[in-house]
Structures are given as C-alpha cells and as structure tokens.
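Here's the structure we're looking at; comments come further down.
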C-alpha cells in the first residue's frame, strides 16, 4: 500500500518539477552605446512578469531632430512597450521574454537621428 501511495505522490509531483516556467536572464547595463556597456554591466533574472527591458534615450537637437543618447538595459516585472516624451527627452521602451539575453543588442542603433 505504501508503494502505491509513494508512486501516486511522485506521479502527481512530476508535472510541477519538470514543467515549471523557466526564468529569463536579462542583460543589465546603465549606459549602453555602440554595442558596448560603458557603465553597470551585469545580469538579472525575471521569474514572472514581462521580462527584459530596453530603454533608448534620445535628446531633441537644435536642428529639430531626435538624437540617440544612450540605452539602459535591465529586468522589469511591469515593463510595457511605449514611448514617453519629457520636454526635450524621448524614452522608447521595449520588452522581451522570448529567450535569455533577448535585450542584449537592442541598444545598438544603426540610425542615430530619427524624426
């Protein structure tokens, strides 16, 4: 009888052990430019919630264009992809959780001036 109870408990716990949601590992960087982390390089882990966050910062120039300044990379449980304008600063936020380090190259921009 004890063998059947043990087998039942093991089979009941099997899905919990092997089918748990995997955590996502994200790149952390306070100042990311030209494909390199200049300040605050590291990693973070998101167990639940949206995942890895990328925030691109732009400043409004005298020529009437947005100029890329730098990117911040981190983890966020409440990340929402959106763009915010605060006076002469634009912050474009992107979120991902599809694979580890999915925010790794998001700060590498080809076109530094956008309208």
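In mature numbering (1 follows the signal peptide of the UniProt record, and there is no 0), the protein residues as written are -23 to -1, 1 to 92.
Think of the CB as a built atom: it goes at the ideal place given N, C-alpha and C, for glycine as much as any other residue.
Predicted model, so just to flag it, every value in this text is computed and none were measured.
For residue i and residue j, I'd like the C-alpha separation in whole angstroms.
i          : j          : result
residue 75 : residue 81 : 12 Å
residue 66 : residue 49 : 14 Å
residue 23 : residue 52 : 6 Å
residue 8  : residue 60 : 19 Å
residue 43 : residue 56 : 23 Å
residue -2 : residue 64 : 40 Å
Once you ignore the five residues that flank residue i on each side, which residues in its own chain have a CB closer than 8 Å to its CB?
i          : result
residue 79 : 1, 3, 28, 29, 73
residue 5  : 17, 18, 19, 20, 21, 50, 51, 52
Use the C-beta contact count for residue i: other C-beta atoms within 10 angstroms, 16 or more gives buried, fewer gives exposed.
i          : result
residue 54 : exposed
residue 40 : exposed
residue 62 : exposed
residue 33 : buried
If I'm right that residue i touches residue j with Cβ under 8 Å, what's the distance once you round it to whole angstroms?
i          : j          : result
residue 38 : residue 71 : Going by Cβ atoms, the distance from residue 38 to residue 71 rounds to 23 Å, so no, they are not a contact pair.
residue 46 : residue 36 : 5 Å
Can you list, in chain order, the residues of its chain whose CB lies under 6 Å from that of residue i, leaving out five sequence neighbours each side?
i          : result
residue 26 : 54
residue 16 : 7, 8
residue 69 : 33, 60
residue 14 : 6
Indicate, with yes or no, if the ligand FAD has a heavy atom lying under 7 Å from the CB of residue i.
i          : result
residue 63 : Of ligands this structure carries none, so the ligand FAD is not represented either.
So that I know if they touch, is there some Cβ in chain B lying closer than 8 Å to that of residue i?
i          : result
residue 65 : Within the model displayed, chain B is absent; a lone protein chain is all it includes.
Review point. In chain order, which beta strand (DSSP E) runs of at least 3 residues are fully inside the segment 18 to 76?
Key: The segment 18 to 76 contains, as complete beta strand (DSSP E) runs of 3+ residues, the segments 19 to 23, 28 to 37, 43 to 53, 59 to 63, 66 to 73 (chain order).
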